[in-house]
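Top to bottom, those sequences are chains A and B. Our numbering puts the first residue of the first sequence at 167, with every later residue one more than the last. Our numbering puts the first residue of the second sequence at 14, with every later residue one more than the last. For every residue, glycine included, the Cβ atom is placed at its ideal position computed from N, Cα and C. On a predicted model such as this, the values are computed, not experimentally measured, just so you know.
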Amino acid sequence: MTREMTGAEMVIQALKDQGVDTIFGYPGGAVLPIYDEIIQQEGLEHILVRHEQGAGHAAEGYARSTGKPGIALVTSGPGATNMVTALTDAMLDSIPLVCISGQVPTHLIGNDAFQECDTVGITRPCTKHNWLVRDVDDLPRVLHEAFYVATSGRPGPVVVDIPKDVQFATGTYQGPTPNPAAAHKSYRPQVKGDAASIRKAAEMMAAAKRPVLYTGGGVINSGPQACQLLRELVQLTGFPITSTLMGLGAYPASGENWLGMLGMHGTYEANMAMHDCDLMVCIGARFDDRITGRTDAFSPNSRKIHIDIDPSSINKTINVDLPIIGDVGHVLEDLVRIWRSSSLKSGDAATKSWQAQIDAWRARNSLAYKPNQDIIMPQYAIQRLYELTKHRKTYISTEVGQHQMWAAQFYGFEEPNRWLTSGGLGTMGYGLPAAIGAQAAHRDALCIDIAGDASILMNIQEMSTAVQFGLPVKVFILNNQYMGMVRQWQQLLHGNRLSHSYTDSLPDFVKLADAYGGVGLRVDKPGDLDGAIEEMIAVDKPVLFDCRVANLANCFPMIPSGKAHNEMLLPDEANDEAVAKAISAEGKSLV
Amino acid sequence: MNAQNVDAPSAYFLAEVSNEIETHTLSLLVDNEPGVLARVIGLFSGRGYNIDSLTVSETEHEKHLSRITIVTTGTPMIIEQIRHQLDRLVPVHRVTDLTVRARRANQDKPLERELALIKVAGDGDKRLEALRLGDAFRATVIDATTDHFVFEITGRTSKIEQFIAIMKPLGLVEVSRTGVAAVQRGPEGL
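Have a look at this one:
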């Protein structure tokens, strides 16, 4: 399709041609022409946020819950700089995000004009790629290329910066090319894995005595088909499986072979299996420092297979024996086919004793906590939330901190794309806008932000967005009046000197909800919890649920900084003295 | 991250993991567009990699492609990482580690040259000695007065370093260097 139109019209047309139905944004001087087109069209819903960071995280929530790219629209200067956190967040978690920013007119660029900033300069290290479009005739090509780059290979955020005069200028619009990968002059990621390597992987897996599958967000990003294939592979091989924070839901938490999440706050059985395995199959994960702990003591006796679409993930922190570059879905398809056609079997006798060992570790019950009749334990609150919401179509987002780890440990994810959390960047303030993004994509679903009392205040203004657009998100605040994870680390590292981790004069969340036009609920007795959760679900409005929990609960189990997988601090051993001595002098400098 | 530039899997096997610091010469073919150099340099500074030398110029005008030559140091694991990180940049068409290529072909190093303009001022014996040494190093005098010479010298980095060191006591005023340009030996291109 070729047609004359203005740059602003091109933006809307290109978004529609790319299948976009929802965008999150905030207007300003340098994007007014685009906003003028938004109000004159139908088919593209714009959700007005209250802060540009909220637009970015809402777009991320939309993207994670749908598998489609999320779209944010912001103005120049502060609009663009407010997006930086969300872009960095999407960069670290490989979330496809297309951010369109306004820029001062081309003749003013470099003049320190009002609301001018070097957007492409500032966002260069926190995007997969970015463009400043100086000529309206380049705009359609760049917009379509932006979608291609954001969604192909390892997904990520992109920025298209459009000066105001380019939005007003008239040019020729062209629709998307049918095969952008073939048409692109330099960016063509490899999706199909090397056949010989996949065959070798299958043979290594058949020969393994103590295998473990270590999966990550790459499986979710690859799509529902990849998750299905992963489940098939587990079924065929009988291998135990663990996942990173980002990969939860790819394999169901109720599955027989599920070990739970691994890493710093992962289960004992998952971490011990990683440490003692003889074959590790890493699928779409990246050996992040929260996963490996001490790298020189990481899984010392295993051979490692690494399936990843990004060659730079290979041998970055951990050397692997067999790398397979490709899209997880494509590689798993080949792997499952080869396993079937060669009638490969995992070594039965050996894997039985491995299974027995895993069962022994599991019996250690590393997620145990002391129940309490009078005070709500945070773990208990998540367990009840799970029990009362698991039969619904539920999307869970989180902020960052203890509540996030408890949610990952105690909420069982059965499906991919249901779990939206800031893993790599660890962005407090992520959860509420992300839940709004998910709710905008799934109007009939139950979207819950599991939050902490500190995190929620970082983007609380988005309550106003939720109310305005009738997005009944539920904010389930585990309120312990502390920045719980900061306090826990101060206890571990700094002699329990709680420097500025206590939040005095928190707002009354019930009144706050009311002030925004939502509904506030408060519970402080375990006995009242179920009824209040039911009430929260029943309300067709945004809810702030102030769940008063035990103030000083710590999140266990934990691999203390600088320690290996087999040196976990387990809840029943974590008395004050053990906690105080858990981290060595070297570990203290680690984050 | 281009399919055609991903080595066979065996290339990732680090049979002997060495922690020795090595110097490698990387050659990049990139789109000559605004910001491309900033992307490359930003990657080095952002991830804490070293740049010993960097040379860039458009080499294929009709395709608007520039060639960037970077000399960097690090462990083999880091250098492999640098190569893949560079390859991830969207406007990067190709990244080649010329040092690895040379090794695979049983050659010592790739062909590397740089050019320097060296200004030396002085009179009497020192002036004569500078001119004589310039001749010995096959440097060309491209500007002169009775008080100074400007030499143009081309060669390996080590030769240029040596020439500069010798000129120091003879009235060295200033030096401008291009950094290393490199190609691999033999008939094949990038």
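Judging by CA-CA distance, which residue of A:235, A:664 and A:716 is the nearest neighbour of residue 538 of chain A?
Taking the first residue of the first sequence as 1, we reach residue 538 of chain A at position 372. Minimum Cα distance to residue 538 of chain A is reached at A:716.
Can you list, in chain order, the residues of its chain whose CB lies under 6 Å from that of residue 327 of chain A, leaving out five sequence neighbours each side?
Position 161 of the first sequence, counted from the start, is the residue given in the question as residue 327 of chain A. Answer for residue 327 of chain A: 267, 269, 285, 286 and 298, listed in chain order.
Assuming residue 235 of chain A contacts residue 263 of chain A (C-beta within less than 8 Å), just tell me the rounded distance between them.
Position 69 of the first sequence, counting from 1, holds the residue named residue 235 of chain A. Position 97 of the first sequence, counting from 1, holds the residue named residue 263 of chain A. About 6 Å separates the two Cβ atoms, so the contact holds.
At a CB-CB cut-off below 7 Å, which residues of chain A make contact with residue 106 of chain B?
The residue you call residue 106 of chain B lines up with position 93 of the second sequence. Within chain A, the residues near residue 106 of chain B are 352.
Using a Cβ-Cβ cut-off of less than 9 Å, give me the residues of the region 269-294 of chain A that come near chain B, in sequence order.
So the list reads 286, 287, 290, 291 and 294, given in the order they occur along the chain.
How many Å lie between residue 21 of chain B and residue 473 of chain A at the Cα?
On the second sequence, position 8 is the one that residue 21 of chain B refers to. On the first sequence, position 307 is the one that residue 473 of chain A refers to. Note that residue 21 of chain B scores 36 on pLDDT, short of 50, meaning its location in the model is unreliable; the coordinates nonetheless yield the value given after this. Each residue's Cα considered, the two are about 14 Å apart.
Rounded to whole angstroms, what's the CA-CA distance from residue 755 of chain A to residue 88 of chain B? Just pull it up for me.
Residue numbering aside, residue 755 of chain A sits at position 589 when the first sequence is read from its first letter. Residue numbering aside, residue 88 of chain B sits at position 75 when the second sequence is read from its first letter. Between residue 755 of chain A and residue 88 of chain B, the C-alpha separation is close to 24 Å.
Residue 492 of chain A and residue 359 of chain A - do their beta-carbons sit closer together than 8 Å?
Counted from its first residue, the first sequence places residue 359 of chain A at position 193. Counted from its first residue, the first sequence places residue 492 of chain A at position 326. Closer than 8 Å, so yes.
Distance, Cα to Cα, residue 395 of chain A vs residue 576 of chain A?
Translated into positions along the first sequence, residue 395 of chain A becomes position 229. Translated into positions along the first sequence, residue 576 of chain A becomes position 410. So the two alpha carbons sit approximately 25 Å from each other.
Does any CB atom of chain A fall closer than 8 Å to the CB of residue 74 of chain B?
Indexing the second sequence from 1 puts residue 74 of chain B at position 61. Chain A, which has no Cβ nearer than 8 Å to the Cβ of residue 74 of chain B, makes this no.
Strictly under 8 Å for the Cβ-Cβ distance: is residue 51 of chain B near chain A by that measure?
Here residue 51 of chain B corresponds to residue number 38 of the second sequence, with the count starting at 1. Yes, residue 51 of chain B lies at the interface with chain A (some Cβ there is under 8 Å from its Cβ).
How would you list, in chain order, the residues of chain B whose beta-carbon sits under 8 Å from the beta-carbon of residue 315 of chain A?
Mapped onto the first sequence, residue 315 of chain A falls at position 149. Neighbours of residue 315 of chain A on chain B, chain order: 103.
In chain order, which beta strand (DSSP E) runs of at least 3 residues are fully inside the region 362-426 of chain A?
377-381 and 407-409
Going by alpha carbons, who is nearest to residue 151 of chain B out of B:49, B:35 and B:129?
Counted from its first residue, the second sequence places residue 151 of chain B at position 138. Closest by alpha carbon: B:129.
Give every residue of the same chain whose Cβ lies closer than 8 Å to the Cβ of residue 540 of chain A, excluding the five residues on either side of it in the sequence, and list them in chain order.
Position 374 of the first sequence, counting from 1, holds the residue named residue 540 of chain A. Apart from sequence neighbours up to five positions away, the residues of its chain that approach residue 540 of chain A with a beta-carbon distance below 8 Å are 691 and 692, ordered along the chain.
Roughly how many angstroms separate the alpha carbons of residue 305 of chain A and residue 565 of chain A, rounded to a whole number?
The residue given as residue 305 of chain A occupies position 139 in the first sequence. The residue given as residue 565 of chain A occupies position 399 in the first sequence. In a straight line, the C-alpha of residue 305 of chain A is about 36 Å away from that of residue 565 of chain A.
From the DSSP secondary-structure annotation, give me the bridge partner or partners of residue 533 of chain A.
The count along the first sequence starts at 1 and reaches residue 533 of chain A at position 367. Note: residue 533 of chain A sits in no beta bridge, so no partner.
Closest by CA to residue 685 of chain A, which one among A:714, A:527 and A:633?
Mapped onto the first sequence, residue 685 of chain A falls at position 519. The candidate whose alpha carbon is nearest that of residue 685 of chain A is A:633.
Are residue 603 of chain A and residue 224 of chain A touching if we call contact CB-CB under 8 Å?
Within the first sequence, numbered from 1, the residue matching residue 603 of chain A stands at position 437. Within the first sequence, numbered from 1, the residue matching residue 224 of chain A stands at position 58. Cβ distance < 8 Å, so residue 603 of chain A and residue 224 of chain A count as in contact.
Per the DSSP calculation, residue 469 of chain A is bridged to which residue(s)?
The count along the first sequence starts at 1 and reaches residue 469 of chain A at position 303. The partner list for residue 469 of chain A (beta bridge, DSSP) reads A:445.
Over what stretch of residues does the beta strand (DSSP E) that includes residue 323 of chain A continue unbroken?
To locate residue 323 of chain A, count along the first sequence from 1; it is residue 157. Its beta strand (DSSP E) spans residues 323-329.
Please state the DSSP three-state secondary structure of residue 541 of chain A.
Within the first sequence, the letter at position 375 stands for residue 541 of chain A. Reduced to three states, the DSSP call for residue 541 of chain A is coil.
Are residue 209 of chain A and residue 182 of chain A close, meaning C-beta to C-beta below 8 Å?
Here residue 209 of chain A refers to the residue found at position 43 when the first sequence is read from its first residue. Here residue 182 of chain A refers to the residue found at position 16 when the first sequence is read from its first residue. Taking 8 Å as the Cβ cut-off, residue 209 of chain A and residue 182 of chain A qualify as a contacting pair.
Output needed for residue 331 of chain A: all residues of its chain with C-beta closer than 6 Å, excluding positions within five of it in sequence on either side, in chain order.
Counting from 1 along the first sequence, the entry for residue 331 of chain A is found at position 165. Answer for residue 331 of chain A: 271 and 272, listed in chain order.
Which chain A residues sit within Cβ distance under 7 Å of residue 97 of chain B?
One-based indexing of the second sequence puts residue 97 of chain B at position 84. Chain A residues near residue 97 of chain B: 477 and 478.
Taking a cut of 9 Å between CB atoms, which residues from the region 520-544 of chain A lie near chain B?
none
Taking the DSSP output, what are the residues bridged to residue 191 of chain A?
Residue 191 of chain A sits at position 25 when you count from the first residue of the first sequence. DSSP output for residue 191 of chain A lists A:214 and A:239 as bridge partner(s).
Please tell me whether residue 406 of chain A and residue 447 of chain A are closer than 8 Å, where the distance is taken between their beta carbons.
The count along the first sequence starts at 1 and reaches residue 406 of chain A at position 240. The count along the first sequence starts at 1 and reaches residue 447 of chain A at position 281. In this structure, residue 447 of chain A does not lie closer than 8 Å to residue 406 of chain A by Cβ.
Using DSSP with H/G/I as helix, E/B as strand and the rest coil, what is residue 172 of chain A?
Counting from 1 along the first sequence, the entry for residue 172 of chain A is found at position 6. Three-state result, residue 172 of chain A: strand.
When you compare the region 593-602 of chain A with the region 621-629 of chain A, are there three or more beta-carbon pairs, one atom per stretch, that lie closer than 8 Å?
yes
DSSP beta-bridge partners for residue 71 of chain B?
Taking the first residue of the second sequence as position 1, residue 71 of chain B is located at position 58. BP columns for residue 71 of chain B point to B:79.
If you reduce the DSSP assignment to three classes, tell me which class residue 729 of chain A lands in.
The residue given as residue 729 of chain A occupies position 563 in the first sequence. In this structure, residue 729 of chain A counts as coil in the three-state DSSP scheme.
Going by beta-carbon coordinates alone, are residue 188 of chain A and residue 211 of chain A separated by less than 8 Å?
Along the first sequence, read from residue 1 onward, the residue named residue 188 of chain A stands at position 22. Along the first sequence, read from residue 1 onward, the residue named residue 211 of chain A stands at position 45. Cβ distance < 8 Å, so residue 188 of chain A and residue 211 of chain A count as in contact.
Can the beta-carbon of residue 337 of chain A be found closer than 8 Å to that of residue 729 of chain A?
Locating residue 337 of chain A in the first sequence gives position 171, where the first residue counts as 1. Locating residue 729 of chain A in the first sequence gives position 563, where the first residue counts as 1. With respect to residue 729 of chain A, residue 337 of chain A sits apart: the two C-beta atoms are not nearer than 8 Å.
Kindly indicate if chain B contains any beta-carbon less than 8 Å away from that of residue 482 of chain A.
Against the first sequence, residue 482 of chain A aligns to sequence position 316. Yes - at least one Cβ of chain B is within 8 Å of the one on residue 482 of chain A.
Could you check the C-alpha separation between residue 265 of chain A and residue 296 of chain A for me, to the nearest Å?
Counted from its first residue, the first sequence places residue 265 of chain A at position 99. Counted from its first residue, the first sequence places residue 296 of chain A at position 130. Distance between residue 265 of chain A and residue 296 of chain A, taken at the CA atoms: about 9 Å.
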